[in-house]
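Colleague: As they're listed, the protein sequences go chains B and S. So the number in my numbering is just where the residue sits in the first sequence, counting from 1, plus 3. So the number in my numbering is just where the residue sits in the second sequence, counting from 1, plus 11. Every residue, glycine too, gets a C-beta built ideally from N, C-alpha and C. These figures come from a predicted structure and were not determined experimentally.
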Amino acid sequence: MFTLFLRESKKVIFSITFLILIAAMLLMALSQDVLDFNDREIEMPFSGQSYGMQTKEIPEIIMPAAITSLYSEYKANSYTAYPIGFYKNVRLSTKEQQQVAEILSMITEISLEELVNSVNTTTHNGDRLIFENGKELASDDGEVMITMPIPNNDSDTVLLVKDELTYEKFKSYMKQVDKLIGGGSNYSKTMLLNFGKVPITYKEAIDSYFMIKDKDHFSGAYARLFSDYLVTVLSILPVFLAITISLKDKRNGIHELIYTRKTSSVKIILTRYISIITAIMISVIIISYISNMSAWSFYDGMKLDYLAPLKYDLGWILPSVMISAAVGMFFTELTNTAIGVAVQGLWWFIDINTGKAEIISGYSLFRLSPRHNSLQYTQAFNDHFNSLIVNRLFFIVLALILVAATILIYEQKRRGRLNGKFKSLIKKTFANMANSKSKSAA
Amino acid sequence: MSKNTIIIQNLNKFYGNKQALFDINLKIEKGMFGLLGRNGAGKTTLMKTLATLIHKKDGEITVCGVAIENAKEIRKIIGYLPQEFSIYPSMSVREAMDYLGVLSGMNRKERKKRTEILLNQVNLTEHVNKKVKALSGGMKRRLGIAQALLHDPKVLIVDEPTAGLDPEERIHFRNLLSEVAEDRIVILSTHIVGDIEATCENIAILNNGRLLYHGTVDALLTTATGKVFTKIANKSELPKLKKEYSITSMLTLGNQTHIRFLSDSPVSGAVECEPNMEDAYMLYLYHNGATFESVGGER
Numbered sequence: 004m005f006t007l008f009l010r011e012s013k014k015v016i017f018s019i020t021f022l023i024l025i026a027a028m029l030l031m032a033l034s035q036d037v038l039d040f041n042d043r044e045i046e047m048p049f050s051g052q053s054y055g056m057q058t059k060e061i062p063e064i065i066m067p068a069a070i071t072s073l074y075s076e077y078k079a080n081s082y083t084a085y086p087i088g089f090y091k092n093v094r095l096s097t098k099e100q101q102q103v104a105e106i107l108s109m110i111t112e113i114s115l116e117e118l119v120n121s122v123n124t125t126t127h128n129g130d131r132l133i134f135e136n137g138k139e140l141a142s143d144d145g146e147v148m149i150t151m152p153i154p155n156n157d158s159d160t161v162l163l164v165k166d167e168l169t170y171e172k173f174k175s176y177m178k179q180v181d182k183l184i185g186g187g188s189n190y191s192k193t194m195l196l197n198f199g200k201v202p203i204t205y206k207e208a209i210d211s212y213f214m215i216k217d218k219d220h221f222s223g224a225y226a227r228l229f230s231d232y233l234v235t236v237l238s239i240l241p242v243f244l245a246i247t248i249s250l251k252d253k254r255n256g257i258h259e260l261i262y263t264r265k266t267s268s269v270k271i272i273l274t275r276y277i278s279i280i281t282a283i284m285i286s287v288i289i290i291s292y293i294s295n296m297s298a299w300s301f302y303d304g305m306k307l308d309y310l311a312p313l314k315y316d317l318g319w320i321l322p323s324v325m326i327s328a329a330v331g332m333f334f335t336e337l338t339n340t341a342i343g344v345a346v347q348g349l350w351w352f353i354d355i356n357t358g359k360a361e362i363i364s365g366y367s368l369f370r371l372s373p374r375h376n377s378l379q380y381t382q383a384f385n386d387h388f389n390s391l392i393v394n395r396l397f398f399i400v401l402a403l404i405l406v407a408a409t410i411l412i413y414e415q416k417r418r419g420r421l422n423g424k425f426k427s428l429i430k431k432t433f434a435n436m437a438n439s440k441s442k443s444a445a
Numbered sequence: 012m013s014k015n016t017i018i019i020q021n022l023n024k025f026y027g028n029k030q031a032l033f034d035i036n037l038k039i040e041k042g043m044f045g046l047l048g049r050n051g052a053g054k055t056t057l058m059k060t061l062a063t064l065i066h067k068k069d070g071e072i073t074v075c076g077v078a079i080e081n082a083k084e085i086r087k088i089i090g091y092l093p094q095e096f097s098i099y100p101s102m103s104v105r106e107a108m109d110y111l112g113v114l115s116g117m118n119r120k121e122r123k124k125r126t127e128i129l130l131n132q133v134n135l136t137e138h139v140n141k142k143v144k145a146l147s148g149g150m151k152r153r154l155g156i157a158q159a160l161l162h163d164p165k166v167l168i169v170d171e172p173t174a175g176l177d178p179e180e181r182i183h184f185r186n187l188l189s190e191v192a193e194d195r196i197v198i199l200s201t202h203i204v205g206d207i208e209a210t211c212e213n214i215a216i217l218n219n220g221r222l223l224y225h226g227t228v229d230a231l232l233t234t235a236t237g238k239v240f241t242k243i244a245n246k247s248e249l250p251k252l253k254k255e256y257s258i259t260s261m262l263t264l265g266n267q268t269h270i271r272f273l274s275d276s277p278v279s280g281a282v283e284c285e286p287n288m289e290d291a292y293m294l295y296l297y298h299n300g301a302t303f304e305s306v307g308g309e310r
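1) Is it buried or exposed, residue 193 of chain S, if we count other Cβ atoms within 10 angstroms and call 16 or more buried?
2) Taking DSSP as the reference, what is the three-state secondary structure of residue 133 of chain B?
3) Using a beta-carbon distance cut-off of less than 7 angstroms, what residues from the stretch 7 to 22 of chain B approach chain S?
4) Select from B:328, B:260, B:185, B:119 the residue whose C-alpha is nearest the C-alpha of residue 402 of chain B.
5) Measuring CA to CA, which of B:232, B:353, B:177 is closest to residue 105 of chain B?
6) Using a beta-carbon distance below 8 angstroms, is residue 418 of chain B in contact with chain S?
7) Would you say residue 63 of chain S lies against chain B (beta-carbon separation less than 8 angstroms)?
8) Give me the subset of the stretch 248 to 264 of chain B whose CB atoms are less than 7 angstroms from a CB atom of chain S, sorted by chain position.
9) With a Cβ-Cβ cutoff of 8 angstroms, do residue 64 of chain S and residue 35 of chain S count as a contact?
10) Residue 270 of chain S bridges to which residues according to DSSP?
11) Closer than 8 angstroms, Cβ to any Cβ of chain S: which residues of the stretch 264 to 278 of chain B, in chain order?
12) Using the beta-carbon of each residue, which ones in chain B are nearer than 8 angstroms to residue 86 of chain S?
13) I'd like the list of long-range same chain contacts for residue 208 of chain S, defined as Cβ closer than 8 angstroms, with 5 residues on each side in sequence excluded.
14) Are the CB atoms of residue 224 of chain B and residue 58 of chain B nearer to each other than 8 angstroms?
15) With respect to the beta strand (DSSP E) encompassing residue 305 of chain B, which residues constitute its N-terminal and C-terminal limits?
16) If you compare alpha carbons, which of B:205, B:366, B:293, B:408 is closest to residue 52 of chain B?
17) Where does residue 32 of chain S fall in DSSP's three states?
18) Thinking C-alpha only, which one of B:166, B:9, B:4, B:14 is nearest residue 247 of chain B?
19) Can you confirm whether the stretch 85 to 93 of chain S touches the stretch 147 to 160 of chain S when touching is taken to mean that 3 or more C-beta pairs between the two stretches lie within less than 8 angstroms?
20) With a cut-off of 8 angstroms, does the C-beta of residue 171 of chain S fall near any C-beta of chain D?
21) Leaving out the 5 sequence neighbours to the left and right, which residues in its chain are closer than 6 angstroms to residue 376 of chain B when beta-carbon positions are compared?
22) By how many angstroms is the C-alpha of residue 198 of chain S removed from the C-alpha of residue 45 of chain S?
23) Take the Cβ of residue 237 of chain B as the centre, count every other Cβ of all protein chains shown within 10 Å, and call the residue buried at 16 or more, exposed below.
24) Which residues in chain B have a C-beta closer than 7 angstroms to the C-beta of residue 95 of chain S? List them in chain order.
25) Within this structure, are the beta carbons of residue 169 of chain B and residue 355 of chain B separated by less than 8 angstroms?
26) Can you give the Cα-Cα distance for residue 343 of chain B and residue 321 of chain B, rounded to whole angstroms?
27) According to DSSP, is residue 37 of chain B helix, strand or coil?
28) Contact criterion: CB-CB distance below 8 angstroms. Does residue 115 of chain S meet it with respect to chain B?
29) At a Cβ threshold of 8 angstroms, is residue 298 of chain S touching chain B?
30) List the endpoints of the continuous beta strand (DSSP E) containing residue 166 of chain S.
31) Under 8 angstroms, with one C-beta from each stretch per pair, do the stretch 212 to 228 of chain B and the stretch 308 to 318 of chain B reach the 3-pair mark?
32) Between which two residues does the alpha helix (DSSP H) harbouring residue 375 of chain B extend?
33) Taking C-beta pairs closer than 9 angstroms, name the residues in chain B that residue 98 of chain S reaches, listed in chain order.
34) Taking the Cβ atom as the reference point for each residue, do residue 315 of chain B and residue 370 of chain B lie within a distance shorter than 8 angstroms?
35) Under 8 angstroms, Cβ to Cβ, is there at least one residue of chain B near residue 160 of chain S?
36) Extract the residue ranges of the alpha helix (DSSP H) inside the stretch 383 to 423 of chain B, only unbroken runs of 4 or more that lie entirely within it.
In structure tokens:
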């Protein structure tokens, strides 16, 4: 099997598609500044500086901020949404607007009538919204004081969150609003958290630093960020390589010659699959070490995890490479066409765009490209680590199922079954679609 | 006996609703076996079925005692040269042989030894480092035979191997096949009668998916004895002769034309002659429902 593996690897490595894949990886790493971390040292914070902002699930902050936003969007009847990751401005019908108004009236002290009227009236101060006068909110450690604005005059609309409104109830109302907007709005489960913006405290900043130092040993944080970017391209590019390799036999008219050889279908398909994965992963490992090593000099005398790039390459990137290549091989063998590009491309496109909502610790089960778009947040990574493991294992298993299915299809084709059936089915489908289009146009 | 024989019984093959092979019964023994038929006769379908590339609808096939359903075992004992032989163009001759040897499960030593022997046999030794894309059509076909024999198969299946080759290459190729047929079954499928005539003792004729003839070349020739005639005719006689008889060849010399034609009964002024394979084949097709024009003759 090893000899065949070497022969197949040679075919992979010397293909133009593979060279393009390497170039695309390098381009991605370069453009996102993760090939060389020269100017991105993680320094220990000192007291008194600004440590940036973070999102936290603090109901007292999220609820008024979300209601402010909703009221503003309601008045303009202009809602922002990202249903599949792309910006969409949604305009609701009168009935839907009425439903939003009802929800707003249920969560604030403003009556439904006042809300409906407010759509058509504009105060001289515009849409200025004010919450409970002078209410102060504090974060857990008591360091952050958030003072809500005070109304300047009587014309300001004062939105008071109902005292009896629980956070759970509030979330369920927001869910209804999100549904009315069509999903992907600012009030969806994931986006709602973005209203909880609070400054990072010194304690948090120092804790974060020590998490990176003690848990990631610095190199882990760099490897994670590198993986975050690379996995986005490596969730799609391997499909091209897999299709190129799978179609090569047919294009060169050698498939029948191979079909009649003694080697089993299991061996042929597995060897090809492994050689594709190996070629890609060796390149990934090399590039990831080049990237990671660029940061090592920052931490002279400190403990580094020299295996971190390898761990992230294999744990984070490999499953995405596996599934992408498996989809390519499966659909190519099934249809004798490059339709796998369309399938994987569509999946990838939706995943990347929906993934924008969770770029830190975005490890939901079906997330093709897990995201952690920061050198920070080691704690969040650790908190969601199990989800990441489940996600990655899910894709490995799915990839192996597709490879097994590819082997079955390949063996059937060797015996003269299935050949071209799906290709003609696809052709028929497209022909029917074209016919129905031209009919409807006529 | 079945260890060196291919037995085909009641073989039927359908492509959708269209039947490609009708109840084929054949017994093929060691040596060269010719499968003759027009394009579309079903030769390739039969060859591919034997090579496990096509799934049969019903009937039974055993190849050297192994049922065709046991594809894994069949693949060990057959060598196949498809009608359109090609291989990765960027590979050298040696690399191509090595790659296919690996796929045949051969170890390095075996691959090296067999590649040397076979490339020498097919006169490609000096082209061993040449890229496949740089080979001529004839060289490619010879490489095709070499790769098919790489794992020393008991059965060699060769589909239309001489199509497109120049006469010299064709003769060389036929001789090569005859050599390798000494210790194995070689099935040669072709629509070129000359290839069969020069190499095969046993043949089968397929037409429209049906087996028309199965037997020796001599027996086929016997069926045409007394039915082939030659005549030297004037140009003015030609239209009448063409109308009445099936002409298999014409040679014009000045005002006179030497014609060779088929007739079930003697013709005055014509001389009976020894039938050749082409005469016998065309007569056989004609007697079995094919129009004379459709098999290439003139009428």
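Modeller: Reading it off the structure:
1) exposed
2) With a pLDDT of only 44 at residue 133 of chain B, under the threshold of 50, the placement of this residue in the model should not be trusted; the figure read from the coordinates follows. Strand at residue 133 of chain B.
3) 7, 10
4) When only C-alpha atoms are compared, the closest one is B:328.
5) B:177
6) yes
7) With 8 angstroms as the cut-off, residue 63 of chain S counts as an interface residue toward chain B.
8) 255, 256, 257, 259, 260, 261, 262, 263, 264
9) Between residue 64 of chain S and residue 35 of chain S, the C-beta spacing is not below 8 angstroms.
10) S:242, S:261
11) 264, 265, 266, 267, 271
12) 263, 264, 265
13) Excluding five sequence positions before and after residue 208 of chain S, the CB atoms of its chain that fall closer than 8 angstroms to its own CB belong to 228, 287, 288, 289, given in chain order.
14) no
15) Element bounds for residue 305 of chain B: n/a, residue is neither H nor E.
16) B:205
17) strand
18) B:14
19) yes
20) Looking for chain D here will not work: the only protein chains present are B and S.
21) 231, 362
22) 6 angstroms
23) buried
24) 256
25) In this structure, residue 355 of chain B does not lie closer than 8 angstroms to residue 169 of chain B by Cβ.
26) 19 angstroms
27) coil
28) yes
29) no
30) 166 to 170
31) yes
32) No alpha helix (DSSP H) holds residue 375 of chain B; DSSP gives it neither H nor E.
33) 255, 256, 257, 260
34) no
35) no
36) 388 to 417
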